[in-house]
Amino acid sequence: MAGHSKWKNIAHRKGKQDASRGQLFTKLCRDIYAAAKRGGANPDVNYTLKVAIEKAKENSVPSDTIARTLAKATGMIDGMHLETFLYEGYGPGGFAVLLEISSSNRNRTAAEIRHLFSKHGGSLGESGCVAWCFQRRGVVRIARDELLGDADPTLIALEVGADDMQEDEDECVFYTEPESLSELEKNVVAKGLQPLSVEVMYVPNVLSNVSDDEQERAATLLTLLEEHDDVDHLYTNAVFPGA
Numbered sequence: 009m010a011g012h013s014k015w016k017n018i019a020h021r022k023g024k025q026d027a028s029r030g031q032l033f034t035k036l037c038r039d040i041y042a043a044a045k046r047g048g049a050n051p052d053v054n055y056t057l058k059v060a061i062e063k064a065k066e067n068s069v070p071s072d073t074i075a076r077t078l079a080k081a082t083g084m085i086d087g088m089h090l091e092t093f094l095y096e097g098y099g100p101g102g103f104a105v106l107l108e109i110s111s112s113n114r115n116r117t118a119a120e121i122r123h124l125f126s127k128h129g130g131s132l133g134e135s136g137c138v139a140w141c142f143q144r145r146g147v148v149r150i151a152r153d154e155l156l157g158d159a160d161p162t163l164i165a166l167e168v169g170a171d172d173m174q175e176d177e178d179e180c181v182f183y184t185e186p187e188s189l190s191e192l193e194k195n196v197v198a199k200g201l202q203p204l205s206v207e208v209m210y211v212p213n214v215l216s217n218v219s220d221d222e223q224e225r226a227a228t229l230l231t232l233l234e235e236h237d238d239v240d241h242l243y244t245n246a247v248f249p250g251a
């Protein structure tokens with residue numbers, strides 16, 4: 009997650025409203041996918057999914073896009089079973105990129121992802137080449153304004169059983185081990201807090217600064233990779249100083 013919002017800020021600087029809207033749709037669909045993958049595709053019994061779908065609709069995500077995202081989470085698109093796997097690669101300057109993929113045609117997806125890397129100064133790597141830069145963690149995100157008054161996020165993290173916490177002006181992120189995620193979610197909800205997302209994801213444990221002259225090219229690569237139809241999640245250890 010480190011560096012994630014920074015590269016999106018750089019992409020936004022280009023002033024392309026359509027691209028910005030596409031990135032919002034991608035994020036909202038990612039939250040739907042994660043919720044459905046973890047708790048099932050029925051929003052009547054999956055509260056996190058219900059919230060994610062409502063937020064997507066509020067932001068005018070098309071119904072067929074939501075339906076397709078739910079279908080991907082169940083492993084079936086247009087009657088075809090989807091294979092899930094990881095791709096690993098390097099961005100301009102060598103930062104790590106880890107992609108969670110769902111595809112009905114591994115060869116097609118590999119060719120398309122390899123092309124994006126090559127065109128924008130990166131390279132698709134071998135299995136294991138950057139996975140060591142990341143750790144699988146249980147992650148609960150909540151909006152910063154969910155915390156009333158002068159509530160201390162660090163204290164709340166301790167109360168709900170998180171073993172780490174990060175915050176910025178928009179949200180607080182609580183971390184735990186993957187097997188403890190359900191317990192953390194339950195404790196967060198018991199505090200009267202509504203999660204934005206609850207998922208197991210890859211969190212970087214080694215960061216890599218992107219040089220000034222590579223930042224725009226790197227941001228373009230990351231944006232195009234994340235918007236690829238077969239990419240469910242993109243993780244990077246890239247940090248954009250000064251962004």
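If you read the sequence shown in our numbering, its first letter stands for residue 9, the second for the next number, and so on.
Where is the CB? At the ideal position from N, CA and C, for every residue including glycine.
All of these numbers come straight from a predicted model, not from anything done at the bench.
For residue i, I'd like the list of residues in its chain whose CB is within less than 7 angstroms of its CB, leaving aside the five on either flank, ordered along the chain.
i: Met313; result: Lying outside 9 to 251, the shown extent of the chain, residue 313 is not represented and no answer is given.
i: Asn217; result: Val247, Pro249
i: Asp238; result: Ile109, Ser110, Ser111, Thr117
i: Val148; result: Phe182, Leu192, Glu193, Val196, Pro203, Val206
i: Gly83; result: His89, Leu90
i: Gly47; result: Asn54, Thr56, Leu57
Just tell me which of the options has its CA closest to the CA of residue i.
i: Asn115; options: Arg29, Gly136, Leu90; result: Leu90
i: Leu124; options: Thr231, His241, Gln31, Ser188; result: Thr231
i: Ser135; options: Tyr98, Asn50, Gly47; result: Tyr98
i: Lys199; options: Ala165, Gly133, Asn67; result: Ala165
i: Ala226; options: Ala139, Gly102, Thr117, Glu167; result: Gly102
i: Glu108; options: Phe248, Gly250, Thr244; result: Thr244
i: His241; options: Gln174, Ala44, Leu106; result: Leu106
i: Ala159; options: Ala43, Gly169, Cys180, Val147; result: Cys180
i: Leu155; options: Val197, Val138, Asp171, His128; result: Val197
i: Glu167; options: Leu201, Ser131, Pro186, Leu215; result: Leu201
i: Glu175; options: Asp72, Pro161, Glu187; result: Pro161
i: Glu96; options: Leu163, Ile74, Ser131, Thr77; result: Ser131
What first and last residue would you give for the beta strand (DSSP E) that runs through residue i?
i: His123; result: Note, His123: premise wrong, no beta strand (DSSP E); alpha helix (DSSP H) at 114-127.
i: Pro186; result: Here Pro186 belongs to no beta strand (DSSP E), and DSSP marks it neither H nor E.
i: Arg149; result: 142-151
What are the boundary residues of the alpha helix (DSSP H) that residue i is part of?
i: Arg225; result: 223-235
i: Glu193; result: 189-198
Can you name, in chain order, every residue of its own chain whose Cβ lies under 6 angstroms from the Cβ of residue i, other than the five neighbours on each side?
i: Asp178; result: Arg152
i: Asp39; result: Ala60, Ser205
i: Lys22; result: Low confidence applies to Lys22: its pLDDT is 47, below 50, so where it sits in the model is not reliable, and the reading given next is rough at best. Once the five neighbours on either side are set aside, Lys22 has no close Cβ partner at all.
Rounded to the nearest angstrom, what separates residue i and residue j at their Cα positions?
i: Ala10; j: Phe182; result: Legend: pLDDT at Ala10 = 42, less than 50; position of this residue unreliable, value from coordinates given subsequently. In a straight line, the C-alpha of Ala10 is about 14 angstroms away from that of Phe182.
i: Cys141; j: Ala104; result: 7 angstroms
i: Asn213; j: Arg144; result: 10 angstroms
i: Tyr55; j: Ser126; result: 41 angstroms
i: Leu94; j: Lys80; result: 16 angstroms
i: Tyr58; j: Asn195; result: Looking at the sequence provided, one finds Lys at residue 58 rather than Tyr. Roughly 19 angstroms separates the two Cα atoms.
i: Tyr210; j: Glu185; result: 11 angstroms
i: Leu233; j: Tyr41; result: 17 angstroms
Quick one: what's got a C-beta closer than 8 angstroms to residue i's C-beta in the same chain, skipping five residues either side?
i: Asn67; result: Leu32, Phe33, Leu36
i: Gly30; result: Glu235
i: Pro51; result: Leu57, Lys58, Ile61
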